[in-house]
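Convert by adding 1218 to the 1-based position in the sequence shown; the result is the number in our numbering. Each residue gets a CB set at the ideal place from its N, CA and C atoms; glycine is no exception. Heads up, the thing below is written out as structure tokens.
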Amino acid sequence: MTTYSRLTALDRVFLDIEDRVTHMHVGGTCIFDGDALRTPDGGIDGDAIRAYIESRLHLMPRFRQRLAYTPIEGHPIWVEDEHFNIRYHVRHTSVPRPGTVRQLKRLVGWINSQQLDRGKPLWEMWIIEGLENGGFALHNKTHHCMIDGISGADLMPVLLSPDSEIR
1219 MTTYSRLTAL
1229 DRVFLDIEDR
1239 VTHMHVGGTC
1249 IFDGDALRTP
1259 DGGIDGDAIR
1269 AYIESRLHLM
1279 PRFRQRLAYT
1289 PIEGHPIWVE
1299 DEHFNIRYHV
1309 RHTSVPRPGT
1319 VRQLKRLVGW
1329 INSQQLDRGK
1339 PLWEMWIIEG
1349 LENGGFALHN
1359 KTHHCMIDGI
1369 SGADLMPVLL
1379 SPDSEIR
């Protein structure tokens, strides 16, 4: 039997008011020194970042769940995504080297202008390389209905902290 949990009334509102123009996701961008994750060809090791993020998802089980709807009444519920694919959620791109802050902001603006796919867990993490001084950025985009109890500012530390006690 499939287990599920219902969305709160507030989380349902976040879904209901979203449309093609008004997206209800929130996001944040962190910039990092790229030296520790540099590959032999000079790029950023996206596979290492994906593996680390995937190893942290147990701290936020909702990030492996997708929306489904109850029969007849059509109430939204959370169910496990049996086809979860970390490569879909953690994407890798670049700005033209040496990327400026302005170029990064334009790319993040474009990323945020795209609606999240409601058939998958409602989040994306973008690895953005090519920044000046060899740095890279991580941009997180998460639907507001998923982060009940976790502020957008707290999300990155939970995913990126080596302290397994952070909840």
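As a quick exercise: from the options, pick the residue whose alpha carbon is nearest that of residue i.
| i | options | result |
| --- | --- | --- |
| L1225 | P1375, L1377 and H1361 | H1361 |
| T1221 | A1227, G1327 and E1300 | E1300 |
| M1374 | T1288, L1277, A1286 and F1232 | L1277 |
Please state whether the Cβ-Cβ distance between residue i and residue j is less than 8 Å.
| i | j | result |
| --- | --- | --- |
| W1341 | T1311 | no |
| G1352 | D1234 | no |
| S1223 | I1267 | no |
| I1365 | H1357 | no |
| R1315 | V1297 | no |
| F1354 | F1281 | no |
So who's on the other strand from residue i, going by DSSP bridges?
| i | result |
| --- | --- |
| E1298 | Q1283 |
| F1250 | F1354 |
| V1244 | T1360 |
| S1312 | E1347 |
| G1292 | G1292 is not bridged to any residue. |
| W1341 | T1360 |
| I1262 | R1256 |
| Y1306 | Its beta-bridge partners do not exist; DSSP assigns none. |
What does the alpha-carbon distance come out to for the pair residue i and residue j?
| i | j | result |
| --- | --- | --- |
| G1317 | G1246 | 18 Å |
| Y1306 | E1272 | 12 Å |
| E1383 | Y1270 | A caution first: E1383 carries a pLDDT of 47, below 50, which makes its placement in the model unreliable, though a value can still be read off. Those two C-alpha atoms are separated by around 16 Å. |
| K1323 | I1290 | 43 Å |
| G1264 | I1329 | 18 Å |
| D1237 | R1230 | 13 Å |
| V1313 | R1256 | 16 Å |
| E1350 | C1248 | 14 Å |
| R1274 | N1303 | 14 Å |
| L1377 | G1292 | 32 Å |
| R1320 | G1327 | 10 Å |
| V1308 | G1348 | 17 Å |
| P1380 | P1279 | 18 Å |
Would you check if there are 3 or more beta carbon pairs closer than 8 Å linking the segment 1346 to 1364 to the segment 1241 to 1261? yes
Three or more beta-carbon pairs under 8 Å between the segment 1331 to 1338 and the segment 1250 to 1261, yes or no? no
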